[in-house]
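Comments concern the structure below.
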Ligand code: AMP
Ligand code: ZN
């Protein structure tokens, strides 16, 4: 697979550190509110990359953090008169619900900053010992100029950066580019003891520490939105490489922004929609599909019209699968032998499988991969009819379901029961009741309920309706 590496600014062949294994770290959210739909972009994209790598046979260790101590969390806690932990735990729970709806899988490890303070204190102490950090009045700073390669990810030069910084009068840093690793507590803030002061860590150190703890000193892929390149990821590299004396991450992947009217969606700009509110208006799968339908390094505009159009595109795929299922279930497609023409169709389908894989291998081009799925939809709609062979119908359906599932798009979950299937299940339930097998009767009722079918027992018999 080729991956565009922000570090080298080139597409590079992906070679993991250890054969068959991928160690990846994706910077997670600061949990002080519901996440917005822009935050969902990296979550969906890198979950899909993980799924694809697993499909290709890798074992993937996927670590993503929760930043659960931060100014914004503390501010919100003070506003509500509750503890910072109450705020962060509340929004971690809400985040998990949103991710679940979007079919983003749980990370292998999902560490919280507040549970990793010891590791941070240890790494900061080590950086001081090695001359890469220093303490002033209880605050610890990273000595940026001590790290020779500072700026290698963002391609920024310290001198240029410094030219743009105004130095505060009472500046206690040795150098304006130095950044905070540890800061003393202020009134009303959560704090932890450390050799330098009772206080809390700066933002960047948590990722260096958690990544090393759960994945090792060197990892394969480090990912996040492009706003993280500088300073967050640049600082992570400085901390990790200064502490470990080794290259930190081999491949740095950054998604472009989700925009509204060509402006980055962000909480601070106020131009955002939460995942929660959008999922009330659209099936979360549509959101997932919408995100995957463009390349991860291209900016993506968000509007309801664009999501509506993603909805009808996704429906075309689901309808094609539904039609195949209907043909297979209805007893049509009874022919056992595959005709010569069908052999050609199956060959074409195989080529589309390759086209899908080639797109994914080329810097994770999900947009082109989806285009291959549409070609398969067209092939299926044109060539699979009631006179087709069973094998053709079966193979096309399996292939469509497989390609969708690599992208984390569920085709089975949304599957609707056909009227005939419902009638049959109702009959089975009546039989079970006659035989006084109430457990089975209930089981059938629940199964129907799960599929959105509501039963009503009336004097004239059982009536049903779709929810
Ligand atoms: P935050 O909670 O702001 O640190 O963001 C969590 C993740 O969402 C990070 O990887 C950010 O880069 C990413 N992110 C934030 N806003 C956007 C946006 N508008 N489009 C794409 N990614 C974003
Ligand atoms: Zn990070």
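Numbering (the numbering used here), first residue to last: 83 to 549. Just so it is clear, CB atoms sit at the ideal spot from N, CA and C, and this is done for glycine as well.
Does the stretch 264–276 come close enough to the stretch 178–186 to have 3 or more Cβ pairs within less than 8 Å?
no
Work out the CA separation of residue 244 and residue 364 for me, nearest whole Å.
In the chain shown, counting from the first residue as 1, residue 364 sits at position 282. In the chain shown, counting from the first residue as 1, residue 244 sits at position 162. In a straight line, the C-alpha of residue 364 is about 46 Å away from that of residue 244.
Residue 366, DSSP secondary structure in three states
As a working mapping, residue 366 is identified with position 284 in the chain shown. Of the three classes helix, strand and coil, the one that applies to residue 366 here is helix, per DSSP.
Residue 296 in three-state terms, based on DSSP:
Here residue 296 refers to the residue found at position 214 of the chain shown. Residue 296: helix per DSSP, three-state reduction.
What is the rounded straight-line gap between the Cα of residue 298 and the Cα of residue 333?
If you number the chain shown from 1, residue 298 lands on position 216. If you number the chain shown from 1, residue 333 lands on position 251. The straight-line gap from Cα to Cα measures roughly 15 Å.
Beta-ladder partner(s) of residue 357, from DSSP:
To locate residue 357, count along the chain shown from 1; it is residue 275. Answer is none; residue 357 lacks a bridge partner.
Indicate, with yes or no, if the ligand ZN has a heavy atom lying under 7 Å from the CB of residue 314.
Along the chain shown, read from residue 1 onward, the residue named residue 314 stands at position 232. True, at least one ligand heavy atom lies under 7 Å from that Cβ.
Do residue 313 and residue 229 have their CB atoms nearer than 8 Å?
For the purposes of this step, residue 313 is identified with residue 231 of the chain shown, where counting begins at 1. For the purposes of this step, residue 229 is identified with residue 147 of the chain shown, where counting begins at 1. Cβ atoms of residue 313 and residue 229: not closer than 8 Å.
So is the beta-carbon of residue 42 under 7 Å away from any non-hydrogen atom of the ligand ZN?
Outside the shown range of the chain (83 to 549) lies residue 42, about which nothing can therefore be said.
So, does the stretch 448–456 touch the stretch 468–487, judging by three or more C-beta pairs under 8 Å?
yes
Kindly examine the ligand AMP and report whether one of its heavy atoms sits closer than 7 Å to the Cβ of residue 241.
In the chain shown, the residue the question calls residue 241 occupies position 159. Not so, every heavy atom of the ligand AMP lies at least 7 Å from the Cβ.
Between the CA atoms of residue 116 and residue 373 - distance to the nearest angstrom
In the chain shown, counting from the first residue as 1, residue 373 sits at position 291. In the chain shown, counting from the first residue as 1, residue 116 sits at position 34. So the two alpha carbons sit approximately 19 Å from each other.
Helix, strand or coil: which one does DSSP assign to residue 184?
Position 102 of the chain shown, counted from the start, is the residue given in the question as residue 184. It is coil, neither helix nor strand.
Determine whether the beta carbon atoms of residue 220 and residue 266 lie at a separation below 8 Å.
The residue given as residue 220 occupies position 138 in the chain shown. The residue given as residue 266 occupies position 184 in the chain shown. Yes, the Cβ-Cβ distance between residue 220 and residue 266 is below 8 Å.
Please find out if some non-hydrogen atom of the ligand ZN comes closer than 7 Å to the beta-carbon of residue 486.
Residue 486 sits at position 404 when you count from the first residue of the chain shown. Every heavy atom of the ligand ZN is 7 Å or more from the Cβ of residue 486, so no.
Do residue 338 and residue 385 come within 8 Å of each other at the CB atom, strictly closer than that value?
Stepping through the chain shown from its first residue, residue 385 is reached at position 303. Stepping through the chain shown from its first residue, residue 338 is reached at position 256. No.
Return the residue from the list 529, 100, 519, 508 that minimises the CA-CA distance to residue 539.
Within the chain shown, residue 539 is the residue found at index 457, counting from 1. Of 529, 100, 519, 508, the residue nearest in Cα terms is 508.
Nearest-angstrom beta carbon gap, residue 415 and residue 472 [assumed within contact, 8 Å]:
The sequence position of residue 472 within the chain shown is 390, counting from 1. The sequence position of residue 415 within the chain shown is 333, counting from 1. Indeed, because the Cβ distance is near 5 Å, the residues count as touching under 8 Å.
Which word fits residue 142, buried or exposed, when buried means at least 16 other C-beta atoms lie within 10 angstroms of its C-beta?
Within the chain shown, the letter at position 60 stands for residue 142. Residue 142 should be labelled buried.
Would you say the beta carbon of residue 194 is closer than 7 Å to some non-hydrogen atom of the ligand AMP?
For this step, residue 194 is matched to residue 112 along the chain shown. No; taking the cut-off as 7 Å, the Cβ of residue 194 has no heavy atom of the ligand AMP nearer than that.
Could you name the residues, in chain order, whose CB is less than 6 Å away from a heavy atom belonging to the ligand AMP?
109, 111, 112, 120, 121, 123, 124, 306, 307, 309, 310, 337, 339, 340, 346, 347, 348
Around the C-beta of residue 570, are 16 or more other C-beta atoms found within 10 angstroms, so that it is buried, or is it exposed?
Nothing can be reported for residue 570: it is not among the residues displayed for the chain, which extend from 83 to 549.
My parser needs the beta strand (DSSP E) runs of 3 or more residues fully inside the stretch 202–237; what are they?
215–218, 221–224
Cut-off 7 Å between Cβ atoms - residues of its own chain near residue 387, not counting five sequence neighbours on either side
What you label residue 387 is simply residue 305 of the chain shown in a count that begins at 1. Counting only Cβ-Cβ distances below 7 Å, and skipping sequence neighbours, we find nothing.
Completely contained alpha helix (DSSP H) runs for the stretch 239–274, where each covers 4 or more residues
240–245
Which residues share a DSSP beta bridge with residue 141?
In the chain shown, residue 141 corresponds to position 59, counting from 1. Looking at the DSSP assignment, residue 141 forms a beta bridge with 103.
Taking the runs of the alpha helix (DSSP H) that are 4 residues or longer, which of them lie wholly in the stretch 384–467?
386–411, 422–443, 448–465
Among 449, 257, 439, which residue has its Cα nearest to the Cα of residue 137?
Residue 137 sits at position 55 when you count from the first residue of the chain shown. Looking at the Cα atoms, 439 is the closest of the given residues.
Leaving out five residues before and five after residue 40 in sequence, what residues of the same chain have Cβ atoms less than 8 Å from its Cβ?
Shown here, the chain extends from 83 to 549; a query on residue 40 therefore has no answer.
Contacting residues, own chain, Cβ-Cβ under 8 Å from residue 212 (five flanking each side not counted):
To locate residue 212, count along the chain shown from 1; it is residue 130. Excluding positions up to five away in sequence, the list reads 324, 325.
Which value, in whole angstroms, describes the spacing of the CA atoms of residue 349 and residue 355?
Translated into positions along the chain shown, residue 349 becomes position 267. Translated into positions along the chain shown, residue 355 becomes position 273. Rounded to whole angstroms, residue 349 to residue 355 spans 9 Å at the Cα level.
Looking only at C-alpha atoms, which of 203, 377, 410 sits nearest to residue 475?
The residue you call residue 475 lines up with position 393 of the chain shown. For residue 475, the nearest C-alpha among the options comes from 410.
Identify which residue in 109, 222, 155 has its Cα closest to the Cα of residue 255.
Indexing the chain shown from 1 puts residue 255 at position 173. Answer by Cα proximity: 222.
Going by the beta-carbon positions, is the gap between residue 357 and residue 118 smaller than 8 Å?
Here the question's residue 357 lines up with position 275 in the chain shown. Here the question's residue 118 lines up with position 36 in the chain shown. Yes, these two residues count as a Cβ contact at 8 Å.
Any non-hydrogen atom of the ligand ZN within 7 Å of residue 318 CB
The sequence position of residue 318 within the chain shown is 236, counting from 1. Flag set: Cβ of residue 318 near the ligand ZN.
If I follow the unbroken alpha helix (DSSP H) through residue 515, where does it start and stop?
Position 433 of the chain shown, counting from 1, holds the residue named residue 515. That run of the alpha helix (DSSP H) goes 501–516.
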